[in-house]
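Undergrad: Chains A and B supply the protein sequences, listed in that same order. Plus 1 on top of the position in the first sequence (first one is 1) and you've got this note's numbering. Plus 7 on top of the position in the second sequence (first one is 1) and you've got this note's numbering.
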Amino acid sequence: MASMKEIKRRRAAIQNTAQITKAMKLVATVKLQKARAKAEASKPYFTIMYQTISSMLEKSENINHRYLRKNEDGKVGILVITGNRGLAGGYNNAVSRQVISGFESKDTLIYSVGKKGRDALLHKGFEVEGDFSEIVEEPLYKDAADITKVMLDDYESGKLSEIYVIYTNFKNTVVHDPVLLKLLPLSKEDLLQPETKENEGPRALMNYSPNEDEVLDAIIPKYISSVIYGGLMQSVASENGARMTAMDSATSNAEELIDKLGLQYNRARQGAITQELTEIVAGANAIE
Amino acid sequence: MDKFALKIICPDHIFYEGDATMVEFTTTEGNVGIFAKHIPMVSVVAPGKLTIHCEDGSEKTCALHSGFAEVLQDSVTIMADSCEYSDRIDITRAKEAKERAQKRLSEREGVDIARAEMALRRALVRLDVAGHK
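Have a look at this one:
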């Protein structure tokens with residue numbers, strides 16, 4: 002059995018850790034509440050954007066727009082949204098794992114938001130084309146628009162053949178899953194998921210001013226920005242949710258360990274006292 | 008007068024939601040004023056003044072910077088990158104932005120002209136709207 006001193010030291014160390022994890026949990030909880038409110042607030046914009054664009058594509062059978070055509074050559078561009086910091090359970094890992102299993106490193110260019118995902122993918126031999134990690138703490142719509150511009154420029158120059166985004170969807174505090182979405186080329190099949198279809202009542206024929214092409218030119222980048230912005234918001238909320246859950250279980254594990262060590266310590270102390278008593282008694286017997 | 012449901016949505020919040028009798032704004036094609044029962048239309052918004060005519064005859068003026076508008080029979084939805092009420096505009100900041108953009112444009116070298124021009128337009132719209140109060 003370990004000595005009393007050792008147990009005491011270990012217990013103190015774990016107590017310190019528990020204090021830290023508890024503090025981190027509290028911080029994550031507060032951040033989560035903020036992030037969640039923001040994610041909620043960004044939803045209407047995204048939803049309406051999505052409806053508009055899918056109803057536009059629905060009706061325009063034969064638009065031959067540059068954002069709807071597939072670039073023949075070029076690599077696949079993926080925007081990978083993770084966190085800058087670890088200690089958030091499987092949050093960062095789940096995203097990078099999905100990228101690694103779904104894409105070939107030689108045909109892929111990574112655009113990263115979040116150091117953790119970037120580093121994991123670099124390690125696996127992926128090429129990182131752009132890094133926007135500094136924005137992840139507090140993403141603004143402007144940041145999403147800037148990322149969109151960089152990626153669209155690369156798409157138009159033929160460097161990219163397709164654009165994907167992967168982010169973590171925030172269902173609730175405990176459940177969040179990585180989601181991979183195809184942004185470009187846009188096609189009806191990718192867009193029209195059953196959940197959005199219900200809204201498609203008989204709508205009158207839409208007029209586009211000045212014309213379809215120019216409206217698409219203006220709307221598609223905005224659509225992409227809004228998806229990226231929504232993804233950033235969801236990811237930030239998920240990161241804090243994941244961290245909160247992870248730190249919560251770390252704290253309760255630490256507490257369990259502290260209890261166990263307390264018991265061990267008391268036992269060791271009791272043992273030491275008993276031994277001392279036995280020794281005294283034995284000593285006294287020897288003198289007699 | 009007939010009214011319609013007007014919604015102005017920014018990426019991070021709903022800016023305005025309510026009934027209106029007419030809404031005026033600038034598109035890439037010029038200024039438009041939309042009443043109820045307009046034909047369905049999607050148009051691209053250019054930076055400019057947005058005026059909401061409410062049912063009770065009052066008007067609200069805002070600065071609207073880029074986005075697009077979806078007009079349906081009984082509703083108008085404006086998806087705005089950013090939008091602000093005329094009385095909330097920080098005039099000194101807009102003036103500074105205007106001067107900064109003008110300076111950049113006059114230097115002409117090593118600057119993103121398109122970006123500076125957009126910044127100048129935004130600043131001018133802000134000043135214009137704030138002055139029209």
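Note that beta-carbon positions come from the ideal geometry of N, C-alpha and C, so glycine has one too.
#1: So with Cβ pairs under 8 Å, would you call B/Met6 a contact of chain A?
#2: Using the C-alpha atoms, what's the distance from A/Ala219 back to A/Leu88?
#3: For the structure I just gave you, are there three or more beta carbon pairs, one from the stretch 212-227 of chain A and one from the stretch 15-22 of chain A, closer than 8 Å?
#4: Cα separation between A/Thr83 and B/Met86?
#5: Could you check which residue in B/Glu36, B/Gly37, B/Cys61 and B/Arg107 has the C-alpha nearest to that of B/Ala43?
#6: Going by C-alpha distance, which of B/Ala137, B/Thr84 and B/Pro54 is nearest B/Glu124?
#7: With a threshold of 16 other CB atoms inside 10 Å of the CB of A/Pro211, please say whether the residue is buried or exposed.
#8: Measuring CB to CB, does B/Arg133 end up less than 8 Å from B/Ala76?
#9: Taking 8 Å as the CB-CB cut-off, is B/Pro54 touching chain A?
#10: Helix, strand or coil: how does DSSP classify A/Phe47 here?
#11: In whole angstroms, what is the alpha-carbon distance linking A/Thr279 and A/Arg11?
#12: Determine the burial state of A/Asn200: buried for a count of at least 16 other Cβ atoms within 10 Å of its Cβ, exposed for fewer.
#13: For the stretch 67-79 of chain B, enumerate the residues whose C-beta is nearer than 9 Å to any C-beta of chain A, in chain order.
#14: Who does B/Ala27 pair with in a DSSP beta bridge?
#15: Residue range of the beta strand (DSSP E) that B/Gly37 falls in?
#16: Say whether the stretch 117-128 of chain A touches the stretch 269-279 of chain A, bearing in mind that this needs 3 or more beta-carbon pairs closer than 8 Å, one atom from each stretch.
#17: Is it a yes or a no for the stretch 74-81 of chain A touching the stretch 157-173 of chain A, going by three-plus beta-carbon pairs under 8 Å?
#18: Got a sec? Which residues, its chain only, sit under 8 Å from A/Asp74 by beta carbon, not counting five neighbours each side?
#19: With DSSP as the reference, identify every bridge partner of A/Pro179, one or two as the case may be.
#20: For A/Val77, does the three-state DSSP call read helix, strand or coil?
#21: Are the C-beta of B/Met8 and some C-beta of chain A separated by less than 8 Å?
#22: Roughly how far, in whole angstroms, is the beta-carbon of A/Ala40 from the beta-carbon of A/Arg244, given that I think they are within contact range, below 8 Å?
#23: In angstroms, rounded to a whole number, what distance separates the CA positions of A/Tyr351 and A/Ile15?
#24: Have a look at the DSSP bridge pairing and note the partners of B/Ser93.
#25: In angstroms with no decimal places, state the Cα-to-Cα distance between A/Ile111 and A/Val129.
#26: So which residues on chain A does B/Ile120 lean against when the C-beta distance must stay under 9 Å?
TA: Working from what's here:
#1: Any answer about residue 6 of chain B is impossible in this case: the structure gives chain B only from 8 up to 140.
#2: The straight-line gap from Cα to Cα measures roughly 40 Å.
#3: For the pair of segments examined, the stretch 212-227 of chain A was found not to touch the stretch 15-22 of chain A: the number of CB pairs separated by less than 8 Å stays below three.
#4: Near 28 Å, if we compare the C-alpha coordinates of B/Met86 and A/Thr83.
#5: The candidate whose alpha carbon is nearest that of B/Ala43 is B/Cys61.
#6: Closest by C-alpha distance to B/Glu124, out of B/Ala137, B/Thr84 and B/Pro54, is B/Pro54.
#7: It is exposed - the Cβ of A/Pro211 has fewer than 16 other Cβ atoms within 10 Å.
#8: Taking 8 Å as the cut-off, the Cβ atoms of B/Arg133 and B/Ala76 do not count as close.
#9: No - not a single Cβ of chain A is within 8 Å of the one on B/Pro54.
#10: Three-state DSSP puts A/Phe47 in a helix.
#11: One C-alpha to the other measures close to 28 Å.
#12: Below a pLDDT of 50, predicted positions are generally treated as unreliable, and A/Asn200, at 49, falls in that range; no measurement from the model is reported.
#13: Of all residues in the stretch 67-79 of chain B, Ser73, Gly74, Phe75, Glu77, Val78 and Leu79 have a Cβ within less than 9 Å of some Cβ in chain A.
#14: B/Phe11.
#15: Counting along the chain, the beta strand (DSSP E) containing B/Gly37 begins and ends at Gly37 to Phe42.
#16: Taking one beta carbon from each stretch, the stretch 117-128 of chain A and the stretch 269-279 of chain A have fewer than 3 pairs nearer than 8 Å; the two do not touch.
#17: Taking 8 Å as the limit for Cβ pairs, the verdict is that the stretch 157-173 of chain A does touch the stretch 74-81 of chain A.
#18: Answer for A/Asp74: Gly159 and Ser162, listed in chain order.
#19: Answer is A/Thr169, bridged to A/Pro179.
#20: In this structure, A/Val77 counts as strand in the three-state DSSP scheme.
#21: Contacts with chain A at 8 Å (Cβ-Cβ) do not include B/Met8.
#22: With 8 Å as the limit, A/Ala40 and A/Arg244 do not qualify as a contact, their Cβ atoms being about 16 Å apart.
#23: An answer regarding residue 351 of chain A cannot be provided, because it is not within the stretch 2 to 289 covered by chain A.
#24: Beta-bridge analysis with DSSP links B/Ser93 to no other residue.
#25: Rounded to whole angstroms, A/Ile111 to A/Val129 spans 5 Å at the Cα level.
#26: The premise fails here: B/Ile120 is roughly 15 Å from chain A at the closest Cβ pair, so nothing lies under 9 Å.
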